[in-house]
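Undergrad: Below you will find the structure I want to go over with you.
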Ligand SMILES: [Ca+2]
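Residue numbers (my numbering): 131 to 598.
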């Protein structure tokens with residue numbers, strides 16, 4: 131037998147024996163709180179399709195985004211996700227390091243993206259082979275979004291008005307990509323919604339609505355944050371006046387939940403399409419978000435803080451090798467997710483990725499992942515959590531909060547003044563400084579001249595700063 135024929139037959143035999151490669155469909159929401167999924171315990175919201183995904187997969191109750199360096203926390207969060215780099219080292223424009231989607235492409239995957247991109251138009255083509263209906267900017271009316279496609283040159287093409295709600299249009303494009311796969315290559319599809327970020331606009335005929343009067347205020351609602359956290363008048367905080375009007379919070383939650391339900395409908399279309407495709411058995415589906423957000427909790431509206439409602443994110447993973455209808459409270463960062471998918475899919479990590487893969491949690495949901503998590507927001511907030519004890523430090527005002535998340539998941543009882551916790555606080559501050567040192571975070575935890583912690587709302591409308 132000629133040698134080339136023999137080699138060809140051997141190669142065919144190897145293909146026939148190997149398990150089919152694993153595809154990925156990655157769905158990414160914008161500012162979606164971790165507790166906005168009905169199946170995970172929210173008694174008000176309607177999310178039948180996320181509930182389906184929860185039943186099919188593993189839900190993470192302690193997945194977090196690590197921080198932000200301005201009001202637009204979308205930007206570092208997405209850069210961390212794509213690159214696997216931590217907040218303190220990530221290049222927000224994604225022009226310096228190789229990204230994980232690029233690594234999937236290098237490993238033979240067909241890679242595709244649609245929807246929101248917030249890391250500069252130059253980096254889409256560094257990450258994905260194909261991209262359609264990409265929205266490059268920060269905040270928009272999703273019914274009037276300017277989108278563009280990636281050209282074969284690797285640059286973004288001209289902008290055009292999205293014919294539908296941005297999230298629906300982006301979903302259409304992902305469905306077309308998934309349906310167009312012929313099985314010759316595994317695929318990696320990324321669908322990034324521009325919601326439920328405000329403004330909370332969905333098509334007028336979307337049938338799911340919520341009665342604001344029936345939406346409970348957050349358990350940790352306050353009319354005003356009790357002290358100056360260093361970011362009191364950023365854009366998001368100016369969405370509602372002080373003291374925060376309870377009825378306005380309820381209306382905001384009603385609109386926000388409606389948006390989540392609209393996204394849930396899009397997610398249902400994706401689940402249906404994958405389930406109906408030849409790739410159904412070998413596709414991982416991931417749902418997560420770039421951050422949470424406050425909706426009246428602690429007197430805050432935005433995500434420019436390190437409370438759980440703002441940094442904890444929903445994370446559900448379903449597919450081959452992942453247990454069904456299970457929960458895990460393993461601690462992880464968002465930037466651990468793509469290293470995990472890389473491990474499952476046999477994709478080698480980019481050299482600069484720092485995330486740690488957590489496939490051990492798939493095998494055993496009770497397994498631990500990270501021992502502790504470290505968070506930062508600008509030069510005004512740092513935090514450390516081991517899952518139970520959480521310390522937030524506000525260096526500029528010489529203030530520390532300590533919460534027992536087990537007894538007080540809503541962070542309502544600051545224990546920092548209790549003498550019995552003095553050793554714990556000094557220990558945690560020491561570990562916080564160690565975490566800072568490891569990533570060259572030079573922010574002093576103690577400043578020479580602290581500012582007053584007291585804060586009064588601005589009397590006239592403050593100038594808007596930051597966005598997204
Ligand atoms: Ca966001």
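Ideal placement from N, C-alpha and C gives every residue a C-beta, glycine not left out.
Between residue 414 and residue 447, how many whole angstroms is the CB-CB distance? I'm expecting something under 8 Å.
TA: One-based indexing of the chain shown puts residue 414 at position 284. One-based indexing of the chain shown puts residue 447 at position 317. Indeed they touch by this definition, with Cβ atoms about 7 Å apart.
Undergrad: Determine the burial state of residue 400: buried for a count of at least 16 other Cβ atoms within 10 Å of its Cβ, exposed for fewer.
TA: The residue labelled residue 400 in the question sits at position 270 within the chain shown. Residue 400 should be labelled buried.
Undergrad: What is the chain-ordered set of residues for which the beta carbon lies under 7 Å from any non-hydrogen atom of ligand 1?
TA: 160, 161, 203, 204, 207, 327, 420, 421, 433, 598
Undergrad: Where do the ends of the beta strand (DSSP E) carrying residue 534 lie?
TA: Along the chain shown, one-based indexing puts residue 534 at 404. Start and end: 529-534.
Undergrad: Under 9 Å between the Cβ atoms of residue 159 and residue 535?
TA: The residue labelled residue 159 in the question sits at position 29 within the chain shown. The residue labelled residue 535 in the question sits at position 405 within the chain shown. In this structure, residue 159 keeps its C-beta atom at 9 Å or more from the C-beta atom of residue 535.
Undergrad: In angstroms with no decimal places, state the Cα-to-Cα distance between residue 593 and residue 368.
TA: The sequence position of residue 593 within the chain shown is 463, counting from 1. The sequence position of residue 368 within the chain shown is 238, counting from 1. At residue 593 the pLDDT is 48, less than 50, meaning the model places this residue with poor confidence; the figure from the coordinates comes in the next sentence. Each residue's alpha carbon lies about 9 Å from the other.
Undergrad: So what does DSSP say about residue 434, is it helix, strand or coil?
TA: For the purposes of this step, residue 434 is taken as residue 304 along the chain shown, with counting starting at 1. Three-state DSSP puts residue 434 in coil, outside helix and strand.
Undergrad: Which residues in the same chain have their Cβ closer than 8 Å to the Cβ of residue 177, if we skip the five residues on either side of it in sequence?
TA: Here residue 177 refers to the residue found at position 47 of the chain shown. Cβ within range, chain order: 166, 167, 168, 169, 390, 391, 394.
Undergrad: Measure the Cβ-Cβ separation of residue 164 and residue 422 and say whether it is below 9 Å.
TA: Counting from 1 along the chain shown, the entry for residue 164 is found at position 34. Counting from 1 along the chain shown, the entry for residue 422 is found at position 292. Yes; because the gap between Cβ atoms is below 9 Å, this pair is in contact.
Undergrad: Reducing DSSP to helix, strand and coil, say where residue 374 ends up.
TA: On the chain shown, position 244 is the one that residue 374 refers to. Of the three classes helix, strand and coil, the one that applies to residue 374 here is coil, per DSSP.
Undergrad: Do you know how far the Cα of residue 162 is from the Cα of residue 598?
TA: Numbered from 1 along the chain shown, position 468 holds the residue referred to as residue 598. Numbered from 1 along the chain shown, position 32 holds the residue referred to as residue 162. Here residue 598 scores only 43 on pLDDT, less than 50, and its place in the model should not be relied on; the value that follows carries that caveat. Taking the straight line from one Cα to the other gives about 13 Å.
Undergrad: Evaluate contact between the segment 229-236 and the segment 209-221, counting only Cβ atoms and requiring at least three cross-stretch pairs below 8 Å.
TA: Judged by Cβ distances under 8 Å, the segment 229-236 makes contact with the segment 209-221, as three or more pairs qualify.
Undergrad: Indicate the three-state DSSP secondary structure (helix, strand or coil) for residue 243 in the structure shown.
TA: Start at 1 with the first residue of the chain shown, and residue 243 comes out as number 113. Looking at residue 243 - three-state DSSP - the assignment turns out to be strand.
Undergrad: State yes or no: is the C-beta of residue 502 within less than 9 Å of the C-beta of residue 461?
TA: Within the chain shown, residue 502 is the residue found at index 372, counting from 1. Within the chain shown, residue 461 is the residue found at index 331, counting from 1. Less than 9 Å separates the beta-carbon of residue 502 from that of residue 461.
Undergrad: I'd like to confirm the pairing. Which residues does DSSP put opposite residue 286 in its beta bridges?
TA: Locating residue 286 in the chain shown gives position 156, where the first residue counts as 1. Its beta-bridge partners are 280.
Undergrad: Would you decide whether residue 118 is buried or exposed? Buried here means 16 or more other CB atoms lie within 10 Å of its CB.
TA: With the chain covering only 131 through 598, there is no way to say anything about residue 118.
Undergrad: Spatial neighbours of residue 453 within its chain, please: CB distance less than 7 Å, with the 5 preceding and 5 following residues excluded, ordered by chain position.
TA: The residue labelled residue 453 in the question sits at position 323 within the chain shown. Result list for residue 453: 188, 492, 495, in chain order.
Undergrad: Can you give me the C-alpha to C-alpha distance between residue 203 and residue 219, rounded to a whole angstrom?
TA: Along the chain shown, one-based indexing puts residue 203 at 73. Along the chain shown, one-based indexing puts residue 219 at 89. Roughly 15 Å separates the two Cα atoms.
Undergrad: Please tell me whether residue 328 and residue 386 are closer than 9 Å, where the distance is taken between their beta carbons.
TA: Translated into the one-based positions of the chain shown, residue 328 becomes position 198. Translated into the one-based positions of the chain shown, residue 386 becomes position 256. For residue 328 and residue 386, yes; Cβs fall inside 9 Å.
Undergrad: Assess contact between the segment 471-486 and the segment 231-243, defined as three or more Cβ pairs (one per stretch) separated by less than 8 Å. Is contact present?
TA: Touching, per the Cβ criterion.
Undergrad: Taking all protein chains shown into account, decide if residue 550 is buried (16 or more other Cβ within 10 angstroms of its Cβ) or exposed.
TA: Here residue 550 corresponds to residue number 420 of the chain shown, with the count starting at 1. Classification of residue 550: exposed, given that the 10 Å Cβ count is below 16.
Undergrad: Could you tell me the alpha carbon to alpha carbon distance between residue 193 and residue 248, rounded to whole angstroms?
TA: Here residue 193 is taken as the residue at index 63 of the chain shown, counted from 1. Here residue 248 is taken as the residue at index 118 of the chain shown, counted from 1. Whole-angstrom Cα-Cα distance: 21 Å.
Undergrad: Looking only at its chain, what residues have a beta carbon closer than 8 Å to the beta carbon of residue 191, apart from the 5 residues adjacent to it on each side?
TA: The residue given as residue 191 occupies position 61 in the chain shown. Apart from the 5 residues on each side of it in sequence, residue 191 sits with its Cβ closer than 8 Å to the Cβ of 164, 170, 457, 458, 459 in its chain, given in chain order.
Undergrad: If you reduce the DSSP assignment to three classes, tell me which class residue 317 lands in.
TA: Taking the first residue of the chain shown as 1, we reach residue 317 at position 187. In the structure shown, residue 317 adopts extended strand secondary structure according to DSSP, grouped into three states.
Undergrad: Where does the unbroken beta strand (DSSP E) through residue 229 begin, and where does it stop?
TA: Stepping through the chain shown from its first residue, residue 229 is reached at position 99. Per DSSP, residue 229 belongs to no beta strand (DSSP E) and is neither H nor E.
Undergrad: Could you tell me which whole beta strand (DSSP E) segments of length 3 or greater appear in the segment 380-438?
TA: 413-419
Undergrad: Return the chain-ordered ranges of every beta strand (DSSP E) run that is complete within the segment 181-232 and spans a minimum of 3 residues.
TA: 187-194
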